[in-house]
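Student: Numbering-wise (our numbering), the sequence shown opens with residue 78 and increments by one.
All C-beta atoms, glycine included, are put in the ideal place defined by N, C-alpha and C.
These figures come from a predicted structure and were not determined experimentally.
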Amino acid sequence: MLNLTNVKLGKVRSAIRELFEYGRKRKAEIGEENVFDFSLGNPSVPAPEKVRTELLKLVGEGDPVFLHGYTSAQGDYSVRKAVADDINARFSVGLDADCIYMTCGAAASLTITLNALVNDGDEVITFAPFFPEYSVFAAHAGAKLVAVKSDPRTFAPDIAAFKEALGAKTKAVIINSPNNPSGVVYGEEVISALAAALDEHCRATGNAVYLVSDEPYRELVFDDCTKVPYIMNYYKRSIVCYSFSKSLSLPGERIGYIAVNRAMDEFSDVYAGVCGAGRALGYVCAPNLFQQLVARVLGCTSDISVYKRNRDMLCSALTEYGYEVVRPDGAFYLFVRAMEEDAEKFAERAKDYELLLVPSDSFGVKGYVRISYCVDTAMIERALPAFKKLAESYKK
78 MLNLTNVKLG
88 KVRSAIRELF
98 EYGRKRKAEI
108 GEENVFDFSL
118 GNPSVPAPEK
128 VRTELLKLVG
138 EGDPVFLHGY
148 TSAQGDYSVR
158 KAVADDINAR
168 FSVGLDADCI
178 YMTCGAAASL
188 TITLNALVND
198 GDEVITFAPF
208 FPEYSVFAAH
218 AGAKLVAVKS
228 DPRTFAPDIA
238 AFKEALGAKT
248 KAVIINSPNN
258 PSGVVYGEEV
268 ISALAAALDE
278 HCRATGNAVY
288 LVSDEPYREL
298 VFDDCTKVPY
308 IMNYYKRSIV
318 CYSFSKSLSL
328 PGERIGYIAV
338 NRAMDEFSDV
348 YAGVCGAGRA
358 LGYVCAPNLF
368 QQLVARVLGC
378 TSDISVYKRN
388 RDMLCSALTE
398 YGYEVVRPDG
408 AFYLFVRAME
418 EDAEKFAERA
428 KDYELLLVPS
438 DSFGVKGYVR
448 ISYCVDTAMI
458 ERALPAFKKL
468 AESYKK
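1) Please check the pair V201 and A220, which I expect to be a contact at CB under 8 Å, by giving their CB distance rounded to whole angstroms.
2) Among all the DSSP beta bridges, which residues are the ones paired with N310?
3) Cα separation between L467 and C181?
4) CB R459 to CB E110, shorter than 9 Å?
5) For F232, collect the residues of the same chain with a Cβ closer than 8 Å to its Cβ; drop the 5 residues on either side in sequence, then sort them by chain order.
6) For C318 versus V298, is the C-beta spacing smaller than 9 Å?
7) Which two residues bound the contiguous beta strand (DSSP E) that contains F115?
8) Helix, strand or coil: how does DSSP classify V413 here?
9) Thinking Q369 and L172 are a contact (beta carbons under 8 Å), I'd like their distance in whole angstroms, please.
10) With a threshold of 16 other CB atoms inside 10 Å of the CB of D291, please say whether the residue is buried or exposed.
11) Can you give me the start and stop residues for the alpha helix (DSSP H) that S76 sits inside?
12) Can you tell which of F208, S393, A427 has its C-alpha closest to the C-alpha of E401?
13) Note the first and the last residue of the continuous alpha helix (DSSP H) segment covering G350.
14) Specify the secondary structure class of C362 as computed by DSSP and reduced to three states.
15) For D301, tell me which candidate among D276, Y147, I381, V442 has the shortest Cα-Cα distance.
16) Among the residues of its own chain, which have a CB less than 6 Å from the CB of D153, if the five just before and after it don't count?
17) Return the first residue and the last residue of the alpha helix (DSSP H) that V317 is part of.
18) Mind the definition here: the segment 343–357 touches the segment 130–142 only if three or more C-beta pairs lie below 8 Å; say whether that holds.
19) Does the beta-carbon distance from A408 to Y294 come in below 9 Å?
20) Could you give the first and the last residue of the continuous alpha helix (DSSP H) run that contains E95?
21) What residues match up with P234 in a beta bridge as DSSP calls it?
22) Which stretch, first to last residue, makes up the alpha helix (DSSP H) that contains T190?
23) If you compare alpha carbons, which of I236, F97, D235 is closest to N119?
24) How long is the line joining the alpha carbons of A183 and K472, rounded to whole angstroms?
25) Quick check: what's the CA-CA separation for Y307 versus Y398?
26) Look at the Cβ atom of G441, then the Cβ atom of A420, and state whether they are nearer than 9 Å.
27) Does the segment 192–199 come close enough to the segment 381–391 that 3 or more CB-CB pairs lie under 8 Å?
28) Indicate whether T188 and F204 have their beta-carbon atoms separated by less than 9 Å.
29) Please tell me whether A424 and V446 are closer than 9 Å, where the distance is taken between their beta carbons.
30) Report all residues from its chain with a CB closer than 6 Å to the CB of K158; omit the five preceding and five following residues, and keep chain order.
31) Helix, strand or coil, according to DSSP, for F513 in the structure here?
32) Among G376, S437, C176, which has the Cα closest to the Cα of E343?
33) Taking the Cβ atom as the reference point for each residue, do S324 and I332 lie within a distance shorter than 9 Å?
34) Going along the chain, which residues of its own chain have a beta-carbon closer than 7 Å to the beta-carbon of L461, five neighbours each way excluded?
35) In this structure, does DSSP put Y263 in helix, strand or coil?
36) Return the CA-CA distance between L133 and K104, expressed in angstroms with no decimal places.
In structure tokens form, the structure reads like this:
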């Protein structure tokens, strides 16, 4: 018999991917300009110019045997050192090349990390709303995902609820800030409270619990006063899972890394566990060409002013139309309260106006939709009358 769990996963796409595929078909039927697809978090601005120039240099001047060859299983040493040096320069943590494991994007980073940390029956805590694939990643590693509620006003983690959720089976906690789908940034007060709660729990139980930060949106913050705390400065048993997909607009290249905090007592075993999980899963030797590229463009970011403009336009218009909007500090998503209790029914009605919005149920929260505003600004302008008509349809 086949592995029926994986067969089911292969037959049923995520809600986001299902909506994206529906959008492709609908565009073929009525024209792309007539469908307002806000389903997928696919960067809509080009990579920085330095990415193009450095990539051309590598391909044109580099040794092709090296560029297209294997690296060490955990990644090329010089790249890992460059990544560690960059992290140290920005956040003053004591990392070196042997704290870094290069990966094929954040999904591989999270999958490797969870497989390194958990045993069958362990629990992994996260905060709703959360990226739906966390459930898949945790289950594959043998763990149960426990979703803890967030503050209904701010969508920041509810610390009291978090403390109640911590138990004997808790092995890891995943945070995602800036958050997908809400765009909320967990500030220093929140991160300090999480770290304090974990320290207290570990002292009381003698159990090791790891804080895993999923950070593909770290650089996508829109206001100078908004800071994204670096968890290694707050909690020793911390691991960062990073992707360059969003910051450099390179989602299709699948390149990222895992950074393990050397300050934790059991660092050697945890890093070895990461290397071993990568080996067992077949996630060794991320593409060397793009390893070399990201090492050359560390510190670069795509033009996120486009996302800020899109955010401001949508927030202003939707609020005017009567929608309740969670104003995001970062990422490129808008979390909007549905105009009826059932978000899936609301999203279905939105299709009548050719608006493709992701219902919040798969994110662990009811009653909202996610709008990805990493789209062409002109599409947003064309979509605003449809949003207005959708709101008006609930006033009749």
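Tutor: According to the data block:
1) Yes, they are in contact, since the Cβ atoms of V201 and A220 sit about 5 Å apart, within 8 Å.
2) N310 is not bridged to any residue.
3) Between L467 and C181, the C-alpha separation is close to 40 Å.
4) Remark: C-beta atoms of R459 and E110 approach each other more closely than 9 Å.
5) Cβ neighbours of F232 within its own chain (closer than 8 Å, five residues either side excluded): P206, N256, S259, V261, V403, F412.
6) Note that the C-beta distance between C318 and V298 is not below 9 Å.
7) F115 -> no beta strand (DSSP E), and no H or E assigned at all.
8) V413: strand per DSSP, three-state reduction.
9) Their Cβ separation, rounded to whole angstroms, is 20 Å, which puts Q369 and L172 out of contact at 8 Å.
10) With 16 or more other Cβ atoms within 10 Å, it is buried.
11) With the chain running from 78 to 473 in the structure shown, residue 76 is simply not present.
12) Ranked by Cα distance from E401, the first of F208, S393, A427 is S393.
13) The continuous alpha helix (DSSP H) containing G350 extends over residues 344–358.
14) The answer is coil: DSSP assigns C362 none of H, G, I, E or B.
15) In terms of CA proximity to D301, I381 leads the group D276, Y147, I381, V442.
16) Excluding five sequence positions before and after D153, the CB atoms of its chain that fall closer than 6 Å to its own CB belong to Q368, given in chain order.
17) Run containing V317: none in the alpha helix (DSSP H); it sits in the beta strand (DSSP E), 315–320.
18) No, the segment 343–357 does not touch the segment 130–142.
19) Against a cut-off of 9 Å, the Cβ pair of Y294 and A408 comes out as a contact.
20) Boundaries of the alpha helix (DSSP H) harbouring E95: 92–107, taken from the DSSP string.
21) P234 pairs with S227.
22) In the DSSP assignment, T190 falls within the unbroken alpha helix (DSSP H) covering 182–194.
23) Of the listed residues, the one whose Cα sits closest to N119 is F97.
24) Their backbone Cα atoms lie some 42 Å apart in a straight line.
25) Per the coordinates, the alpha-carbon of Y307 lies some 37 Å from the alpha-carbon of Y398.
26) Cβ atoms of G441 and A420: not closer than 9 Å.
27) In short, these stretches do not touch, since the Cβ pair count stays below three.
28) It is not a contact, given that the beta carbons lie outside the stated cut-off.
29) Cβ distance < 9 Å, so A424 and V446 count as in contact.
30) Listed in chain order, the non-local C-beta contacts of K158 below 6 Å within the same chain comprise A174, local neighbours out to five positions each way being set aside.
31) Here the chain comprises residues numbered 78 to 473, so residue 513 is not present and cannot be evaluated.
32) Comparing alpha carbon positions, the residue from G376, S437, C176 closest to E343 is C176.
33) In this structure, S324 keeps its C-beta atom at 9 Å or more from the C-beta atom of I332.
34) Contacts found: A394.
35) Collapsing the DSSP output to three states places Y263 in coil.
36) Roughly 34 Å separates the two Cα atoms.
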